[in-house]
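Chemist: Structure incoming, see below.
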Amino acid sequence: MKKFMFVNRKAPYGTIYALESLEVVLIAATFDQDVSLVFIDDGVYELVKGQETKGVGIKNHSKTYRALDGYDVEKLYVERESMAMRGLTEADLLVPVEVLSSAEMGSLMAEQDVVLSF
Amino acid sequence: MLHIVNKSHTQTNSLQSCLRLAQAGAALLVIEDAIYAATTGGAASSGIAGAIARLKVYALQPDVEARGMAGKLVEGVTAIDYAGFVDLVAEHTNNQSWL
Chain A
1 MKKFMFVNRK
11 APYGTIYALE
21 SLEVVLIAAT
31 FDQDVSLVFI
41 DDGVYELVKG
51 QETKGVGIKN
61 HSKTYRALDG
71 YDVEKLYVER
81 ESMAMRGLTE
91 ADLLVPVEVL
101 SSAEMGSLMA
111 EQDVVLSF
Chain B
1001 MLHIVNKSHT
1011 QTNSLQSCLR
1021 LAQAGAALLV
1031 IEDAIYAATT
1041 GGAASSGIAG
1051 AIARLKVYAL
1061 QPDVEARGMA
1071 GKLVEGVTAI
1081 DYAGFVDLVA
1091 EHTNNQSWL
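Just so you know, the sequences run in chain order A and B.
Start counting the first sequence at 1; every next residue gets the next number (the numbering used here).
Start counting the second sequence at 1001; every next residue gets the next number (the numbering used here).
Put into structure tokens, the structure is as follows:
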């Protein structure tokens, strides 16, 4: 089993990155790998509660984050600095996450076998 | 003139350049990932809070809702729908999309 980290740094909907990351995460989980998702910079916006996409006609993929534990993907990490810069707290997020400092996030990244960037 | 910005202010400098060039009295419409710049959590760092006094600032409400930011627009920003977007374009003699 390898340690895979998915680094999410983009806001949802404006680009395809957030959705593509989720797709690959689900594939990796199917192969029983050790999967971590991390959210830094605008990536923290992916987890914001209350996304309502009817008006823009795009599928609301934020609900998928809540289903991840059903695929044994339970390691979600958010960088404290990125959240603070955007005026967000854990209470604004739609799933339970572990909040890490930049230094902690850097050390977690350094111990991975594979790091994929979105 | 109408200025349209669609990129996050923390990912690109589109909004920054727009705010630097936009003349007093111009209109600024934020859409897609640029809407975060007009929210209570982002308006100070994005420069929109400081620009509201000299620009008419609008945000595209469907994009605001998609991103879970309904009700979080900073005071002084007007929410508009797609029809309002069309009206803005029609009302102004020209526009610039800061891609």
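We treat Cβ as the ideally placed atom computed from N, Cα and C, and that holds for glycine.
Only counting the same chain, and skipping five residues up and downstream in sequence, which positions put a Cβ closer than 8 Å to that of M1001/B?
Modeler: Here the set comprises A1022, Q1023, A1026, A1027, H1092, T1093, N1094, N1095, Q1096.
Chemist: Below 8 Å, how does it come out for the stretch 3-15 of chain A and the stretch 36-56 of chain A: are there three or more Cβ pairs, yes or no?
Modeler: The stretch 3-15 of chain A is in contact with the stretch 36-56 of chain A.
Chemist: If we call anything under 8 Å between Cβ atoms a contact, is F1085/B one with L1060/B?
Modeler: Against a cut-off of 8 Å, the Cβ pair of L1060/B and F1085/B comes out as a contact.
Chemist: Can you check whether the CB of Q112/A is closer than 8 Å to the CB of M1/A?
Modeler: For M1/A and Q112/A, no; Cβs fall outside 8 Å.
Chemist: What are the boundary residues of the alpha helix (DSSP H) that includes D1033/B?
Modeler: No alpha helix (DSSP H) contains D1033/B, which DSSP labels as neither H nor E.
Chemist: Identify which residue in D1063/B, G1068/B, A1037/B has its Cα closest to the Cα of G1076/B.
Modeler: G1076/B has its Cα closest to that of A1037/B, out of D1063/B, G1068/B, A1037/B.
Chemist: What first and last residue would you give for the alpha helix (DSSP H) that runs through F1085/B?
Modeler: Run containing F1085/B: 1082-1091, per the alpha helix (DSSP H) assignment.
Chemist: Express the C-alpha separation of G50/A and G1071/B in angstroms, rounding to a whole number.
Modeler: Going by the C-alpha atoms only, they are around 11 Å apart.
Chemist: Using a C-beta cutoff of 8 Å, does V48/A count as contacting chain B?
Modeler: At least one chain B Cβ lies under 8 Å of V48/A.
Chemist: What residue range does the alpha helix (DSSP H) around L1015/B cover?
Modeler: From DSSP, the alpha helix (DSSP H) with L1015/B extends over 1014-1021.
Chemist: Distance check for D41/A and M109/A, CA to CA, integer angstroms please.
Modeler: For M109/A and D41/A, the distance between alpha carbons rounds to 15 Å.
Chemist: Taking DSSP as the reference, what is the three-state secondary structure of Q1061/B?
Modeler: Helix, per DSSP.
Chemist: Mind checking if P96/A is an interface residue toward chain B, Cβ cutoff 8 Å exclusive?
Modeler: It does not; no Cβ of chain B falls within 8 Å.
Chemist: Which residues mark the beginning and the end of the alpha helix (DSSP H) in which S107/A is found?
Modeler: First-last of the alpha helix (DSSP H) with S107/A: 102-110.
Chemist: Can you give me the C-alpha to C-alpha distance between D1081/B and M83/A, rounded to a whole angstrom?
Modeler: Cα to Cα, the separation comes out at about 28 Å.
Chemist: Rounded to whole angstroms, what is the Cα-Cα separation between V25/A and L1015/B?
Modeler: In a straight line, the C-alpha of V25/A is about 32 Å away from that of L1015/B.
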